[in-house]
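To keep things clear, I will list the structure first and then write my remarks on it.
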Amino acid sequence: MAQDASDATLKISDAAPPLYIKEWVKGDPIKEYEKGKVYIVEFWATWCKPCIAAMPHLSKLKRKNKDHLEIIGVSVFEDKNTTSEDIKEFVLNMGDKMDYHVAIDDNNKMVDNWFNATNDNKGIPKSIVIDQNSKLAWYGHPKDLEPVINKILAGEWELQSASKEKNEEKNFKELEVHVLDSMNNYIYELNAKKLNESEINQKTLDKINEFIVANPELENTPIPTFYIMQSMLSLDPKKLMNMEIQF
Numbered sequence: 000m001a002q003d004a005s006d007a008t009l010k011i012s013d014a015a016p017p018l019y020i021k022e023w024v025k026g027d028p029i030k031e032y033e034k035g036k037v038y039i040v041e042f043w044a045t046w047c048k049p050c051i052a053a054m055p056h057l058s059k060l061k062r063k064n065k066d067h068l069e070i071i072g073v074s075v076f077e078d079k080n081t082t083s084e085d086i087k088e089f090v091l092n093m094g095d096k097m098d099y100h101v102a103i104d105d106n107n108k109m110v111d112n113w114f115n116a117t118n119d120n121k122g123i124p125k126s127i128v129i130d131q132n133s134k135l136a137w138y139g140h141p142k143d144l145e146p147v148i149n150k151i152l153a154g155e156w157e158l159q160s161a162s163k164e165k166n167e168e169k170n171f172k173e174l175e176v177h178v179l180d181s182m183n184n185y186i187y188e189l190n191a192k193k194l195n196e197s198e199i200n201q202k203t204l205d206k207i208n209e210f211i212v213a214n215p216e217l218e219n220t221p222i223p224t225f226y227i228m229q230s231m232l233s234l235d236p237k238k239l240m241n242m243e244i245q246f
């Protein structure tokens, strides 16, 4: 499973794609990236509570760096009955809590060429950061934005290191999915053999420990820890109480 997560078509250090905007709801249209300025493209929807919770933070970040930073909130994944007028009303009601450019995706072109192109299998809210040279510098949840923006604005952000870190993060997520699928299939097979509960729990514990030995980075992470605790709770509750499990 130690593979390079290279199937994304939009990677850190790539040139930023064009903006595909159906309509600008708030702020003057941005037609091109200005050299020396940093951009955050923020994907959100009117129904998304975490997106709404992030908006005041984004607005504060914009005001703090108003001369060097632009934020573009792009409405995506809206309900089929949500109209442009509904989105405009939402933005108007947000007022200063949404104090940055806001736009509506052009027939899912922003979703296809930006959101999905990073291939990180995460939902909204999602931020994609473009650096002073119009290169993709980072993407992730807006809660993690501020230290990233501070480093980029200070000229301390290294695209190569950021790319490596993002690849490692993707590879680990892929490994977690592989472990989860493998363990579910393994436990299904054990149950099909009609083994007793103790045998199933012991074999489950042995199997998850095989994964940890082969991939030490899994130790004390949520998925293996779940299987360890579940098995030990049945096999030896007292020992479980004394185990030092951190995640």
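Those letters in the sequence shown? Residues 0 to 246, per numbering that gives the first Met the number 0, in order. Yeah, the Cβ is synthetic: ideal placement off N, Cα and C, and Gly gets one too. Small disclaimer: the values here were computed from a predicted structure and weren't measured.
CB-CB under 7 Å to Tyr32, same chain, minus the five flanking residues each way: which ones, in chain order? Ala15, Tyr38, Ile129, Ser133
Is Gly94 helix, strand or coil when you go by DSSP? helix
So, do the segment 17-36 and the segment 84-102 have three or more beta carbon pairs nearer to each other than 8 Å? yes
Along the alpha helix (DSSP H) that carries Gly136, what are the first and last residues, could you check? The sequence shown places Ala at residue 136, not Gly. Per DSSP, Ala136 belongs to no alpha helix (DSSP H); it is in the beta strand (DSSP E), 135-139.
Are the CB atoms of Met182 and Lys206 nearer to each other than 8 Å? yes
Alpha carbon to alpha carbon, how far is Thr220 from Leu239? Give it in angstroms, no decimals. 16 Å
Secondary structure of Ser74, DSSP reduced to three states: strand
Those residues which DSSP pairs with Tyr38 across a bridge: Glu69, Ile129
C-alpha distance - Pro223 paired with Lys65, whole-angstrom precision: 45 Å
Decide if the segment 45-57 is in contact with the segment 136-152; the criterion is three or more beta carbon pairs, one per stretch, under 8 Å apart. yes
Nearest-angstrom beta carbon gap, Ala44 and Glu69 [assumed within contact, 8 Å]: With a Cβ gap of about 21 Å, Glu69 and Ala44 do not count as contacting.
Could you give the C-beta distance for Met97 and Gly72, rounded to a whole number, given that I count them as a contact under 8 Å? 7 Å
Note the first and the last residue of the continuous alpha helix (DSSP H) segment covering Ala116. Segment: none, Ala116 is in no alpha helix (DSSP H) and carries neither H nor E.
For Ala116 and Ala161, what's the separation of their Cα atoms in angstroms? 17 Å
Val212 burial status per 10 Å Cβ neighbour count (16 or more: buried): exposed
Can you look up Ile123 in the DSSP assignment and give me helix, strand or coil? coil
Return helix, strand or coil for Phe246, following the three-state DSSP convention. Summary for Phe246: the model assigns pLDDT 44, below 50, so the residue's position carries little reliability, and this model does not support an answer.
Segment limits, alpha helix (DSSP H) that includes Ile211: 196-213
Consult DSSP for Ala44 and reduce its assignment to one of helix, strand or coil. coil
Collapsed DSSP secondary structure at Glu168 in the structure displayed: helix
Is there a Cβ of chain B sitting closer than 8 Å to that of Leu68, yes or no? Of the chains in the structure shown, none is chain B; there is only one protein chain.
Taking the continuous alpha helix (DSSP H) assigned at Val101, which residues delimit it? That residue, Val101, is in no alpha helix (DSSP H); its beta strand (DSSP E) goes 100-104.
From Asn247 to Tyr226, what distance separates their C-alpha atoms? Residue 247 falls outside the range modelled here, since the chain spans only 0 to 246, and no answer is possible.
Over the uninterrupted beta strand (DSSP E) stretch that includes Lys25, give me the two end residues. 20-25
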